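Accompanying notes for the structure given below.
There are 2 protein chains.
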Amino acid sequence: MSESKDCIVLLSGGLDSATTAAIAASEGYRIHALSFNYGQRNKWELDAAKNVAASLCAVEHKVIQFDLRAFGGSALTSDTPVPKNRSVEKMSAAIPVTYVPARNTIFLSFGLGWAEVIGTSDIFIGVNSIDYSGYPDCRPEFIEAFQHLANLATKSGVEKTSRFKIHTPLIKMTKREIILKGVSLGVDYSLTRSCYDPDDDGTSCGMCDSCLLRQRGFADAGLIDPIKYQIHN
Amino acid sequence: MSESKDCIVLLSGGLDSATTAAIAASEGYRIHALSFNYGQRNKWELDAAKNVAASLCAVEHKVIQFDLRAFGGSALTSDTPVPKNRSVEKMSAAIPVTYVPARNTIFLSFGLGWAEVIGTSDIFIGVNSIDYSGYPDCRPEFIEAFQHLANLATKSGVEKTSRFKIHTPLIKMTKREIILKGVSLGVDYSLTRSCYDPDDDGTSCGMCDSCLLRQRGFADAGLIDPIKYQIHN
Numbered sequence: 001m002s003e004s005k006d007c008i009v010l011l012s013g014g015l016d017s018a019t020t021a022a023i024a025a026s027e028g029y030r031i032h033a034l035s036f037n038y039g040q041r042n043k044w045e046l047d048a049a050k051n052v053a054a055s056l057c058a059v060e061h062k063v064i065q066f067d068l069r070a071f072g073g074s075a076l077t078s079d080t081p082v083p084k085n086r087s088v089e090k091m092s093a094a095i096p097v098t099y100v101p102a103r104n105t106i107f108l109s110f111g112l113g114w115a116e117v118i119g120t121s122d123i124f125i126g127v128n129s130i131d132y133s134g135y136p137d138c139r140p141e142f143i144e145a146f147q148h149l150a151n152l153a154t155k156s157g158v159e160k161t162s163r164f165k166i167h168t169p170l171i172k173m174t175k176r177e178i179i180l181k182g183v184s185l186g187v188d189y190s191l192t193r194s195c196y197d198p199d200d201d202g203t204s205c206g207m208c209d210s211c212l213l214r215q216r217g218f219a220d221a222g223l224i225d226p227i228k229y230q231i232h233n
Numbered sequence: 001m002s003e004s005k006d007c008i009v010l011l012s013g014g015l016d017s018a019t020t021a022a023i024a025a026s027e028g029y030r031i032h033a034l035s036f037n038y039g040q041r042n043k044w045e046l047d048a049a050k051n052v053a054a055s056l057c058a059v060e061h062k063v064i065q066f067d068l069r070a071f072g073g074s075a076l077t078s079d080t081p082v083p084k085n086r087s088v089e090k091m092s093a094a095i096p097v098t099y100v101p102a103r104n105t106i107f108l109s110f111g112l113g114w115a116e117v118i119g120t121s122d123i124f125i126g127v128n129s130i131d132y133s134g135y136p137d138c139r140p141e142f143i144e145a146f147q148h149l150a151n152l153a154t155k156s157g158v159e160k161t162s163r164f165k166i167h168t169p170l171i172k173m174t175k176r177e178i179i180l181k182g183v184s185l186g187v188d189y190s191l192t193r194s195c196y197d198p199d200d201d202g203t204s205c206g207m208c209d210s211c212l213l214r215q216r217g218f219a220d221a222g223l224i225d226p227i228k229y230q231i232h233n
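Residue numbers (the working numbering), protein chains in the order written: chain P, 1 to 233; chain B, 1 to 233.
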């Protein structure tokens, strides 16, 4: 067996990042999980991230805290309502109000800093540009630009002791494919939370873009989604 | 007079960012100042940033808080001692231990997020690649890569409602030129603090790279540095 390598995995507590972490583990990486308490509506996702990190035997899990509500500008970090729909087909084609300005740039920047400190050049992020909310910072061209930046921004990049790589194993997969891959790797999706706007008990709404994409993914995979949703009449 | 435009200025409280803010103001920009409480040794620089922002009539000043001590990896965010020397000529030629992994990437990412929220495409940062500590994230190629990223990372970049520009008015100036420019614009350098490692009263050490570069800049400009330094025998 090859020697274990270290990597950073950005772990939100959702389905995609849990699957990404499982893929990293299956490739022999030791997982250093990184989550963010940034003022998001869904505080339960941090509990989910903690449980996912533990279930995948992450060697450590850090949660960085800052408040993007200082800026606002998104339904996830302000009092703007999260759009709700009855089906994926009714989702807006435009970039929706749940887009958080520069969020993945901020997240990857912290991931880059931690990667450099622990001496790894491998950063995993569960972005997906197929079954997604249309966010600009989930697209391949954004990831390529960040990877280029990473190697100019850092001491280890400049000194060529590292060649940073942003791993995006899900980027071209459908939600169905992601779920089937995760199931094949033993991901326990009951630990994950995807909802943008859960109720006070943390129960997923079932009508935001993220819930709709998740539910359709499980349906397409012929599997039962193991989490609870609010009941809408 | 042309209509006032908004801009973000990353304001550390040091000499360079104060001069950068003054240049932005002289170009007709309304200043939205952004500082970071990131676990740095020099907490006084945040007071300095507040005073500089007020002196330049910034329309607002936000301080984002997070803890880079969670990662460490720098003399500014850990217990590693800050190197001290007697002159600029004795400074290390290598990237020094005061380098903070991914710091400017993180700072610019937050600046980008705020810029998008307030609807401006202009971000000012006081990086300098002449009289500086050799940090990779102060070089023109890093700034160009971030600007490229910014336009891929954001809704307004993708929709072409903004074309983000990272302004670096100091990047090719010597410290002497920076100080003379600031003086010509009325910058009150007594409000600024540059030290990496001040004492418990906030008095600058006079021997870290940042103090040495500042002191030589004032000497080269034929001016008195208006701040206090510790006395070394």
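Glycine included, each C-beta is placed from N, C-alpha and C at the ideal position. Computed from a predicted structure; not experimentally measured.
Alpha-carbon spacing of residue i relative to residue j, whole angstroms
i	j	result
S74 (chain B)	E116 (chain P)	11 Å
K90 (chain P)	F164 (chain P)	39 Å
V127 (chain P)	H61 (chain B)	33 Å
A58 (chain B)	C7 (chain B)	10 Å
A153 (chain B)	T77 (chain B)	28 Å
A93 (chain P)	Y132 (chain P)	11 Å
E38 (chain B)	V9 (chain B)	Reading off the sequence shown, one finds Tyr at residue 38 (chain B), where the question assumed Glu. Near 17 Å, if we compare the C-alpha coordinates of V9 (chain B) and Y38 (chain B).
K160 (chain B)	D16 (chain P)	29 Å
E177 (chain B)	G13 (chain P)	50 Å
D122 (chain P)	G157 (chain P)	12 Å
A18 (chain P)	S4 (chain B)	47 Å
W44 (chain P)	I95 (chain P)	25 Å
F234 (chain P)	F71 (chain B)	This structure cannot settle anything about residue 234 (chain P), because the visible part of chain P is limited to 1 through 233.
L46 (chain B)	V187 (chain B)	17 Å
S129 (chain P)	L180 (chain P)	17 Å
A102 (chain P)	Y135 (chain P)	10 Å
G28 (chain P)	K155 (chain B)	36 Å
R214 (chain P)	D200 (chain B)	53 Å
S87 (chain P)	H232 (chain P)	13 Å
E144 (chain P)	E144 (chain B)	14 Å
Residues near residue i in its chain [Cβ-Cβ closer than 6 Å; skip 5 each side]
i	result
T203 (chain B)	K228 and Q230
D197 (chain B)	R41, V82, C205 and C208
D220 (chain P)	R176
L108 (chain B)	F146
Residue i vs residue j beta-carbon contact at 8 Å
i	j	result
K172 (chain P)	G217 (chain P)	no
I23 (chain B)	L185 (chain B)	yes
T168 (chain B)	I106 (chain B)	no
L170 (chain P)	N85 (chain P)	no
L11 (chain B)	A54 (chain B)	no
I166 (chain B)	F146 (chain B)	yes
P226 (chain B)	S190 (chain B)	yes
L68 (chain P)	V100 (chain P)	yes
Status (buried if at least 16 other CB within 10 Å, exposed otherwise) for residue i
i	result
S2 (chain B)	Annotation note: pLDDT 47 at S2 (chain B) (below 50); position unreliable, no value reported.
I224 (chain P)	exposed
A80 (chain P)	Before going further, note that residue 80 (chain P) is Thr rather than Ala in the sequence given. When all chains shown are included, T80 (chain P) counts as exposed.
G222 (chain B)	exposed
H32 (chain B)	buried
D137 (chain B)	buried
N104 (chain B)	buried
E113 (chain B)	One point to set straight first is that residue 113 (chain B) is Gly, not Glu, in the sequence displayed. Under this definition G113 (chain B) is a buried residue.
F66 (chain P)	buried
Beta-carbon proximity list for residue i, same chain, < 8 Å, skipping 5 on both sides
i	result
F110 (chain P)	L34, F36 and I64
G182 (chain P)	L15, A18, T19, A22 and Y189
A25 (chain B)	I31, L56, C57 and L185
T120 (chain B)	K5, D6, C7, I8, H32 and S162
T192 (chain P)	G13, G14, L15, A18, A48, V52 and I227
Cutoff 7 Å; reference residue i; Cβ partners in own chain excluding five residues on either side
i	result
T98 (chain B)	S74, A75, L76, V82, S133, Y196 and D209
N151 (chain P)	G157, R163 and F164
P140 (chain B)	S129 and I171
Near the ligand ADP: residue i beta-carbon under 7 Å from a heavy atom
i	result
A58 (chain B)	This structure lacks the ligand ADP, and indeed carries no ligand of any kind.
Please list the residues of the region 49–75 of chain B that have a C-beta atom closer than 8 Å to any C-beta atom in chain P, keeping them in chain order.
K62, I64, Q65, F66, D67, L68, A70, F71, G72 and G73
Near-chain P residues of the region 24–51 of chain B (beta-carbon distance less than 7 Å), N- to C-terminal order:
none
Contact list for the region 98–118 of chain B against chain P, Cβ threshold 9 Å:
Y99, V100, P101, A102, R103, N104, T105, I106, F107, L108, S109, F110, G111, L112, G113, W114, A115, E116, V117 and I118
Can you list, in chain order, the residues of the region 137–152 of chain P whose Cβ is nearer than 7 Å to any Cβ on chain B?
D137, E141, F142, A145, F146, H148, L149 and L152
Quick one, which residues of the region 5–16 of chain P are near chain B if we go by CB-CB under 9 Å, in chain order?
none
Relative to chain P, which residues along the region 152–168 of chain B have a C-beta separation below 8 Å, given in chain order?
L152, A153, T154, K155, G157, V158 and E159
Closer than 7 Å, Cβ to Cβ, to anything on chain B: give me those residues from the region 78–99 of chain P, in chain order.
I95 and Y99
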